[in-house]
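Q:
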Amino acid sequence: MLAWVRRNPRPVALAVAAVVLIIAFFVVVAPLFSSSSVPTAEIAGALPASAVAGRQFEVDVGLDNTSYTSISPMCVTVQTHGNVRPDYAIFQDVDRRTFNGDSVCGGSLAGQASISVRLFFTATSAGSAGLTLTPAEGSHLVGAGLAGAIAVAAAG
Numbered sequence: 109m110l111a112w113v114r115r116n117p118r119p120v121a122l123a124v125a126a127v128v129l130i131i132a133f134f135v136v137v138a139p140l141f142s143s144s145s146v147p148t149a150e151i152a153g154a155l156p157a158s159a160v161a162g163r164q165f166e167v168d169v170g171l172d173n174t175s176y177t178s179i180s181p182m183c184v185t186v187q188t189h190g191n192v193r194p195d196y197a198i199f200q201d202v203d204r205r206t207f208n209g210d211s212v213c214g215g216s217l218a219g220q221a222s223i224s225v226r227l228f229f230t231a232t233s234a235g236s237a238g239l240t241l242t243p244a245e246g247s248h249l250v251g252a253g254l255a256g257a258i259a260v261a262a263a264g
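Dropping the structure here:
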């Protein structure tokens with residue numbers, strides 16, 4: 109075998125060069141495909157200042173994945189204080205999902221992507237209410253919340 113290598117050095121040199129190039133490719137390029145960044149997201153929108161007891165109201169928000177990794181499942185966690193009950197959400201005007209406890213999830217969100225979410229709530233009785241919406245990956249919060257107070261008026 110050693111004699112064959114000495115007589116034909118080109119195939120051996122090409123094979124060694126190919127192996128070196130393949131290893132260099134994986135060392136340099138493979139880390140670019142890994143999703144090693146921490147998922148982060150922002151939620152933007154406006155909460156209504158008032159609602160009517162016994163009626164449903166809508167909160168339209170945008171979810172922006174500010175990281176380079178996918179967030180799956182993309183969720184919105186809701187904290188309510190007072191007379192507000194979460195009903196359901198519509199992701200991208202297509203995917204209707206009901207709340208499971210205090211959160212609603214709708215698929216995944218690729219890195220640096222944004223989606224719209226319409227959240228529906230029912231004001232249960234007159235008084236004041238507080239609402240906080242926070243982006244989450246499953247049960248893990250991935251960003252700051254959007255919070256506000258809502259004055260719930262009696263149905264008239």
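According to our numbering, the sequence shown is numbered sequentially starting from 109. Cβ atoms here follow ideal geometry from the backbone N, Cα and C, with glycine treated the same way.
(1) So, do the segment 167 to 180 and the segment 208 to 222 have three or more beta carbon pairs nearer to each other than 8 Å?
(2) Please tell me whether residue 165 and residue 229 are closer than 9 Å, where the distance is taken between their beta carbons.
(3) With distances taken between CB atoms, is the gap from residue 162 to residue 231 smaller than 9 Å?
(4) Taking three-plus beta-carbon pairs below 8 Å as touching, is the segment 200 to 219 in contact with the segment 176 to 183?
(5) What does the alpha-carbon distance come out to for the pair residue 131 and residue 252?
(6) Please work out which residues of its chain come closer than 8 Å, Cβ to Cβ, to residue 158, disregarding the five sequence neighbours upstream and downstream, and give them in chain order.
(7) Looking at the unbroken beta strand (DSSP E) that takes in residue 173, where does it start and where does it end?
(8) For residue 189 and residue 238, what's the separation of their Cα atoms in angstroms?
(9) List in chain order: all unbroken alpha helix (DSSP H) runs of 4+ residues lying wholly within the segment 169 to 221.
(10) Report yes if the C-beta distance between residue 212 and residue 169 is below 9 Å; otherwise report no.
(11) What are the residues that DSSP puts in a beta bridge with residue 151?
(12) Within a Cβ cutoff of 6 Å, which residues of the same chain sit near residue 198, ignoring the five residues on either side of it in sequence?
(13) Spell out the partners DSSP gives residue 236 in its beta bridges.
(14) In the DSSP assignment, the beta strand (DSSP E) including residue 160 goes from what residue to what residue?
A: Put simply:
(1) yes
(2) yes
(3) yes
(4) yes
(5) 41 Å
(6) 258, 259, 260 and 261
(7) 164 to 173
(8) 5 Å
(9) none
(10) no
(11) 171
(12) 204 and 226
(13) 259
(14) 158 to 160
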